[in-house]
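> Next up is a structure, given as structure tokens.
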Amino acid sequence: MKRIFSSFFFGSMLSVALSSLLFSCASTFSISDCGPVAVISVIGNKSVPWYDSSDEDTDDANSVLSTSVNRLVGRGNIEFSSCENRIDYADDAIRFGLQDIAGVEVIDKEKVVNSQQYEDMHASFYNLLVSTVSADGYKDLTTIGSKNSRLLMREIGAKSLMLFEFDFRKELVKGTKWNGEVGGYIMMKVEVKDERGNAVVEKNYEIRSSSTIPIKNLRYDKDELVNLLEPTIDAAVARFIVDYMN
137 MKRIFSSFFF
147 GSMLSVALSS
157 LLFSCASTFS
167 ISDCGPVAVI
177 SVIGNKSVPW
187 YDSSDEDTDD
197 ANSVLSTSVN
207 RLVGRGNIEF
217 SSCENRIDYA
227 DDAIRFGLQD
237 IAGVEVIDKE
247 KVVNSQQYED
257 MHASFYNLLV
267 STVSADGYKD
277 LTTIGSKNSR
287 LLMREIGAKS
297 LMLFEFDFRK
307 ELVKGTKWNG
317 EVGGYIMMKV
327 EVKDERGNAV
337 VEKNYEIRSS
347 STIPIKNLRY
357 DKDELVNLLE
367 PTIDAAVARF
377 IVDYMN
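In case it helps, my numbering puts the sequence shown at residues 137 to 382.
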């Protein structure tokens, strides 16, 4: 898996780094100084609904009811059945990016999720009405407080915590949904907490796939669409790392 990540990550980071030279902004947070870091929550939506920038009710497509209906209607649809693989891939991409690209010490996942403090934590209610899936072993800790953050860091020996939330969608890039082109779209939310349990980074990233696939007579290859999302995940993680590699 590292070999697959590395070629894309270095290409993505070079592209992002060059653009950052033109649009750079000062940051008080540096990934280089945040280790040992513990990734404590990686979640994403179960479906891959259409993205519409003009739609104010974007969460409706990811609601528990909508996802349940879509699962019944599209039983066997890879866009739904691949959700666990997709979010596990994101978890691996995050760890690879932090360790092998940024050179940050990342605390072993088993040490984090098997710690007493982590086991005692309750999953967040924030996404109760949204149909989400967590990467293997994790809980949804979207709303973890500063006190619990400090207690967890103290037990596992972490200097900072990172939480990631992904919203996977498909986007009409050209033409119409009858005949056109569709691409992958990802919204990635990142939160980083410091030693005091305070959020020092709260940022959203919007990343579009570099490739598209054709739509003909309302049909497109769902397997190909799902395949577009993995390199888009890599690009999102690479952008976060480049932004804070001071």
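Backbone N, C-alpha and C define an ideal beta-carbon position, used for all residues, glycine too. Small disclaimer: the values here were computed from a predicted structure and weren't measured.
Closer than 6 angstroms by C-beta to PHE146: which residues in its own chain qualify, once you throw out the five before and the five after it? Chain order, please.
Residue numbering aside, residue 146 sits at position 10 when the sequence shown is read from its first letter. Caution is warranted here: a pLDDT of 49 is assigned to PHE146, below 50, making its placement in the model unreliable, and no coordinate value can be reported.
> With three or more C-beta pairs closer than 8 angstroms as the rule, is the segment 235 to 248 touching the segment 277 to 284?
no
> Is the segment 350 to 370 touching the segment 333 to 342, taking contact as three or more C-beta pairs under 8 angstroms?
No: fewer than three Cβ pairs fall under 8 angstroms.
> If you draw a straight line from the alpha carbon of GLY180 to that of VAL373, how long is it in whole angstroms?
Translated into the one-based positions of the sequence shown, residue 180 becomes position 44. Translated into the one-based positions of the sequence shown, residue 373 becomes position 237. One C-alpha to the other measures close to 14 angstroms.
> Measure how close the beta-carbons of ALA259 and VAL178 come, nearest whole angstrom, since I'm counting them as under 8 angstroms.
Working through the sequence shown from its first residue, we reach residue 259 at position 123. Working through the sequence shown from its first residue, we reach residue 178 at position 42. 13 angstroms between Cβ atoms; not a contact.
> Would you check if the distance between the CB atom of ARG222 and the CB atom of PHE300 is smaller than 8 angstroms?
Within the sequence shown, the letter at position 86 stands for residue 222. Within the sequence shown, the letter at position 164 stands for residue 300. Against a cut-off of 8 angstroms, the Cβ pair of PHE300 and ARG222 comes out as no contact.
> Counting C-beta neighbours from all protein chains within 10 Å, is the total for VAL378 16 or more, i.e. buried, or is it exposed?
Counting from 1 along the sequence shown, the entry for residue 378 is found at position 242. With at least 16 other beta carbons inside 10 angstroms of its own, VAL378 counts as buried.
> Buried or exposed: where does SER190 fall if 16 or more other Cβ atoms within 10 Å of its Cβ makes it buried?
As a first step, residue 190 is located in the sequence shown; it is residue number 54 there, counting from the start. Exposed, since its Cβ has fewer than 16 Cβ neighbours within 10 Å.
> Report all residues from its chain with a CB closer than 6 angstroms to the CB of SER160; omit the five preceding and five following residues, and keep chain order.
To locate residue 160, count along the sequence shown from 1; it is residue 24. Note that SER160 scores a pLDDT of 42, beneath 50, so its modelled location is shaky; the value from the coordinates is reported in the next line. For SER160, where only same-chain residues beyond five positions count, there are no Cβ hits under 6 angstroms.
> Sort THR278, PHE232, ARG231, ASP370 by Cα distance to SER346 and report the nearest one.
Stepping through the sequence shown from its first residue, residue 346 is reached at position 210. Selected option, being the one with the closest Cα: ASP370.
> Opposite PHE302 in the DSSP bridges: which residues?
To locate residue 302, count along the sequence shown from 1; it is residue 166. PHE302 pairs with GLY180, MET324.
> In angstroms with no decimal places, state the Cα-to-Cα distance between MET257 and ILE292.
Along the sequence shown, one-based indexing puts residue 257 at 121. Along the sequence shown, one-based indexing puts residue 292 at 156. Distance between the alpha carbons of MET257 and ILE292: 14 angstroms.
> Are the CB atoms of SER183 and GLU215 within a distance shorter than 8 angstroms?
Indexing the sequence shown from 1 puts residue 215 at position 79. Indexing the sequence shown from 1 puts residue 183 at position 47. Their beta carbons are under 8 angstroms apart, which means GLU215 touches SER183 by this criterion.
> With a cut-off of 8 angstroms on the beta carbons, I'd call ASN315 and SER168 a contact; round off their distance for me.
On the sequence shown, position 179 is the one that residue 315 refers to. On the sequence shown, position 32 is the one that residue 168 refers to. That pair is no contact at about 48 angstroms.
> Shorter than 7 angstroms, the distance from the beta carbon of ILE351 to the closest heavy atom of the ligand ADP, or not?
The ligand content of the structure shown is nil, which means the ligand ADP is not present either.
> Do you know offhand how far GLY212's Cα is from ARG286's?
One-based indexing of the sequence shown puts residue 212 at position 76. One-based indexing of the sequence shown puts residue 286 at position 150. The straight-line gap from Cα to Cα measures roughly 43 angstroms.
> What's the gap between the Cα of THR348 and the Cα of LYS325?
The residue labelled residue 348 in the question sits at position 212 within the sequence shown. The residue labelled residue 325 in the question sits at position 189 within the sequence shown. In a straight line, the C-alpha of THR348 is about 23 angstroms away from that of LYS325.
> Specify the secondary structure class of SER282 as computed by DSSP and reduced to three states.
Locating residue 282 in the sequence shown gives position 146, where the first residue counts as 1. In this structure, SER282 counts as helix in the three-state DSSP scheme.
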